[in-house]
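Enquirer:
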Amino acid sequence: MANFYRDNDDIQFLFRHTDLGELAAVCEEQFKFSNEYDYAPANAEEAIHNYDMVLDSLGQLSGDFIAPRAEDVDRQGNILNEDGSVTYAKGISESLEKLGQAEVMGFTLPHRFGGLNFPNLVYSMAIEIVSRADASLMNIFGLQGIAETISAFATEEIKKKYLHDFSAGKVTGAMVLTEPDAGSDLQSVKLRAFQDDGGNWFLHGVKRFITNGCGDVLLVLARSEPDRSGGLGLSLFVCDRGPAVHIRRLEDKLGIHGSPTCEIFFDNTPCEIIGERQRGLVTYVMALMNGARIGIAAQSTGIAEAAFRLARDYAASRRQFGVAIEKLPAVRDMLIDMKIALEAGRALLYETSRVVDIEIGYAKRLEADSRLRGNDGRDKAEAKQLKNESRKYKRYAAMLTPMSKYYCSEMCNTVAYDSIQVLGGSGYMRDYACERHARDARITTIYEGTSQLQIVAAVRGVCSGTAEKFIAELVQQQFQPEVKDLLDKLVEGAEQLKKSVAFVKDNGNEYMDLYGRALVDIAIDLITGFLLCGQASTKVDMEVAAAEDGVTDNGKTIPMRQRKAMLARRYITKNAPKIAALAELICAGDKSTFTDYETLIGPVPAE
Ligand SMILES: Cc1cc2nc3c(=O)[nH]c(=O)nc-3n(C[C@H](O)[C@H](O)[C@H](O)COP(=O)(O)OP(=O)(O)OC[C@H]3O[C@@H](n4cnc5c(N)ncnc54)[C@H](O)[C@@H]3O)c2cc1C
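Take 0 as the starting number for the sequence shown in numbering that gives the first Met the number 0 and just add one per residue.
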């Protein structure tokens with residue numbers, strides 16, 4: 000019996016360390032729904048109990064049912080049938096049925112549509128847990144953002160048509176954006192949306208690389224304004240997978256074999272518009288993609304967790320030179336770095352999810368406020384403060400979301416590769432799951448926007464002062480004295496970041512693009528450093544296993560806060576010289592990438 004929620008000390012700890020009561024109050028709008036729905040929680044305690052129970056059953060399902068099927072899913076893949084239908088790998092169909100029965104397919108949907116109405120943070124935990132079991136299944140489980148987008152922006156009629164079925168797990172969806180000539184640059188989407196004389200909308204054209212394009216409900220980005228180029232010519236549409244939607248091919252790909260990646264031809268397909276014309280990319284897809292990016296960060300964390308555990312287990316039992324290989328400094332160092340990177344990624348991911356939940360809470364309050372304005376006689380200063388807080392969290396979320404996607408996906412690739420390294424030759428063989436984890440990991444830095452695109456999005460926040468403000472708030476937390484010297488190092492790093500930003504700003508936008516990665520890396524190292532120091536100063540009373548004289552499983556424990564302080568020490572001490580080196584590089588002013596490109600890389604190879 001395995002439970003991927005209960006057996007994970009770090010998730011257990013963070014579940015208690017984070018103020019879930021605050022998030023529950025935000026989602027449940029001060030628990031007003033309990034008057035209407037008997038399954039809605041009446042207070043924070045009840046809500047947190049629900050989160051715990053649902054994660055517990057998902058953890059059990061992931062450990063006992065989904066994970067044992069993952070290898071077969073990987074080997075079988077999906078099949079495109081002659082009639083254009085797609086048959087999922089057996090394990091995927093079985094697991095989806097179980098997830099539907101467990102009523103976890105509407106994680107963040109409102110109660111009135113049969114959803115759980117849980118915070119994004121709990122959803123991130125859930126995605127991580129499922130991804131540890133089977134990263135490819137997550138691609139379908141994690142497409143709940145389709146329903147969220149319908150919930151946030153569609154008409155009441157469209158919501159009623161689809162959302163109950165999503166919550167019940169009766170339908171799955173797909174996010175249909177990419178085309179052969181429109182990948183990272185979605186502004187150049189061409190697929191045509193047009194209306195007949197009766198005002199009905201239709202879609203015509205090709206989309207490619209669509210995860211679960213064979214799903215029942217498709218959200219499609221299309222050009223509704225033929226005379227308008229760029230993002231403002233695009234609208235978002237929803238359609239059913241009827242006879243006018245043809246799956247032309249399934250991609251034959253490196254990893255996530257259980258997730259069908261489809262090329263789709265829309266042949267004058269009837270559809271309905273979501274929200275307003277021309278806001279398809281700029282508003283709705285941006286919202287959809289932000290949620291999906293957090294989803295990929297969670298998927299990455301789950302893959303890294305699986306890969307790390309395999310390596311940890313193997314290193315303890317594999318003997319060379321008369322000792323377990325984990326006794327060898329090079330191997331144990333690699334394992335510690337894997338584990339620390341994993342926990343740093345999780346810290347960033349969960350904090351981002353928390354900030355997004357608070358941002359959504361403020362947006363809801365602001366909407367309610369604008370409805371009430373002028374009627375309730377509230378003072379203007381209060382309304383202004385609400386607006387300011389809302390804007391602030393919007394900026395934080397806009398910066399942290401791409402940071403999490405970038406950091407966690409890169410981290411998961413490193414961890415998965417190092418997991419193979421720890422297993423040596425065995426790691427390269429299909430006998431062990433780490434080669435699957437490495438293949439599954441590879442896509443995470445590419446889809447939902449490549450790492451380069453995440454940096455483009457995150458660097459804006461770093462250079463506009465948002466990172467500085469966020470760090471200034473993190474500094475205000477209560478820390479235990481044991482991490483005081485670490486905080487000093489972080490504050491010194493923050494000064495180096497400030498200088499680097501100033502230098503970049505003096506050198507123009509192209510220079511900012513060139514050194515975007517270095518700037519974002521510094522900011523992430525600082526933010527995660529503060530978060531780990533915060534965890535080391537936790538009030539949560541939790542004990543974890545500790546070794547004595549190199550022996551584990553001896554019943555000895557230490558407080559989690561002590562372990563986190565050790566972890567923070569190693570993380571921050573190792574990163575401090577890296578931050579200094581990156582800052583030096585940024586401020587050196589080297590522009591050879593622009594001036595010497597052709598000479599350095601040589602000509603385009605002849606055919
Ligand atoms: C398995 C899989 C599943 C997918 N699922 C979906 C899905 O469900 N729905 C969907 O709509 N799409 C999906 N995609 C498409 C995916 O989102 C795109 O592949 C991705 O956004 C990159 O686009 P591209 O492949 O066209 O690469 P390109 O945009 O051609 O990029 C190539 C390289 O150029 C770099 N680059 C491009 N622009 C910039 C820039 N401005 N600054 C710096 N570097 C840049 C990129 O980082 C990359 O390294 C999926 C793709 C795969 C492989």
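C-beta: ideal position from N, C-alpha, C; glycine also.
#1: Which residue comes first and which comes last in the alpha helix (DSSP H) that contains glycine 172?
#2: In this structure, does DSSP put alanine 167 in helix, strand or coil?
#3: Between tyrosine 395 and the rest of its own chain, which residues show a CB-CB distance below 6 Å, the 5 nearest in sequence each way excluded?
#4: Assuming glutamate 45 and isoleucine 157 are in contact, meaning their beta carbons sit under 8 Å apart, how far apart are those beta carbons, in whole angstroms?
#5: With DSSP collapsed to three states, give me the class of glutamine 11.
#6: Nearest to leucine 231 by alpha carbon, out of Val244, Val188, Asn199?
#7: Using only the alpha-carbon positions, how far apart do leucine 162 and phenylalanine 112 sit?
#8: Apart from the five residues just before and just after threonine 556, which ones in its own chain have a Cβ nearer than 7 Å to its Cβ?
#9: Once the 5 residues before and after aspartate 180 are set aside, which same chain residues still bring their CB inside 8 Å of it?
#10: Is glutamate 447 near ligand 1, with its Cβ less than 7 Å from a heavy atom?
#11: Classify lysine 404 as buried or exposed, calling it buried when 16 or more other Cβ atoms lie within 10 Å of its own Cβ.
#12: To the nearest angstrom, how far is it from the Cα of glutamate 491 to the Cα of asparagine 77?
#13: Quick test of your reading: methionine 410 and alanine 303, contact by CB under 8 Å. State the CB separation rounded to the nearest angstrom.
#14: How is threonine 154 classed by DSSP in three states: helix, strand or coil?
#15: Could you tell me if tyrosine 510 is buried or exposed, where buried requires 16 or more neighbouring beta carbons within 10 angstroms of its beta carbon?
#16: Rounding to the nearest angstrom, what Cα-Cα distance links valine 85 and arginine 248 in this structure?
#17: On the CB-based measure, 16 or more other CB atoms within 10 Å of its CB, does lysine 563 come out buried or exposed?
#18: Which two residues bound the contiguous alpha helix (DSSP H) that contains lysine 404?
#19: Near glutamate 35, what residues of its chain come up, given a Cβ to Cβ distance below 6 Å and the 5 sequence neighbours on each side ignored?
#20: Note the first and the last residue of the continuous beta strand (DSSP E) segment covering phenylalanine 236.
#21: Look up cysteine 213 in the DSSP assignment and say whether it is helix, strand or coil.
#22: Output the distance between the C-alpha atoms of leucine 95 and lysine 252, rounded to the nearest integer angstrom.
#23: Do you know how far the Cα of phenylalanine 165 is from the Cα of asparagine 267?
#24: Between which two residues does the beta strand (DSSP E) harbouring glutamine 75 extend?
#25: Which word fits isoleucine 600, buried or exposed, when buried means at least 16 other C-beta atoms lie within 10 angstroms of its C-beta?
#26: So, helix, strand or coil for threonine 527, using DSSP?
#27: Report whether the distance from the Cβ of methionine 174 to the nearest heavy atom of ligand 1 is below 7 Å.
#28: Please report the distance separating the alpha-carbon of tryptophan 200 from that of glycine 515.
#29: Decide if histidine 48 is buried, meaning its Cβ has at least 16 other Cβ atoms within 10 Å, or exposed.
#30: Rounded to whole angstroms, what is the Cα-Cα separation between glycine 344 and valine 414?
#31: Less than 7 Å between the CB of glycine 204 and some heavy atom of ligand 1, yes or no?
#32: What is the DSSP secondary structure of alanine 192, reduced to helix, strand or coil?
#33: Say whether the region 424-439 touches the region 385-394, bearing in mind that this needs 3 or more beta-carbon pairs closer than 8 Å, one atom from each stretch.
#34: Taking the continuous beta strand (DSSP E) assigned at leucine 249, which residues delimit it?
#35: Starting from the Cα of methionine 137, find the closest Cα among Gly105, Met174, Gly279, Gly257 and give me that residue.
#36: Counting along the chain, where does the alpha helix (DSSP H) carrying threonine 598 start and finish?
Expert: Put simply:
#1: Note, glycine 172: premise wrong, no alpha helix (DSSP H); beta strand (DSSP E) at 172-175.
#2: coil
#3: Val354, Phe469
#4: Between isoleucine 157 and glutamate 45 the Cβ distance is about 32 Å, and since that is not below 8 Å, they are no contact.
#5: helix
#6: Val188
#7: 6 Å
#8: Glu542, Val543, Ala544, Ala545
#9: Ser187, Lys189
#10: yes
#11: buried
#12: 52 Å
#13: 6 Å
#14: coil
#15: buried
#16: 10 Å
#17: buried
#18: 379-422
#19: none
#20: 233-239
#21: coil
#22: 22 Å
#23: 25 Å
#24: Note, glutamine 75: premise wrong, no beta strand (DSSP E); alpha helix (DSSP H) at 66-75.
#25: exposed
#26: helix
#27: yes
#28: 41 Å
#29: exposed
#30: 11 Å
#31: no
#32: strand
#33: no
#34: 244-249
#35: Gly257
#36: 596-600
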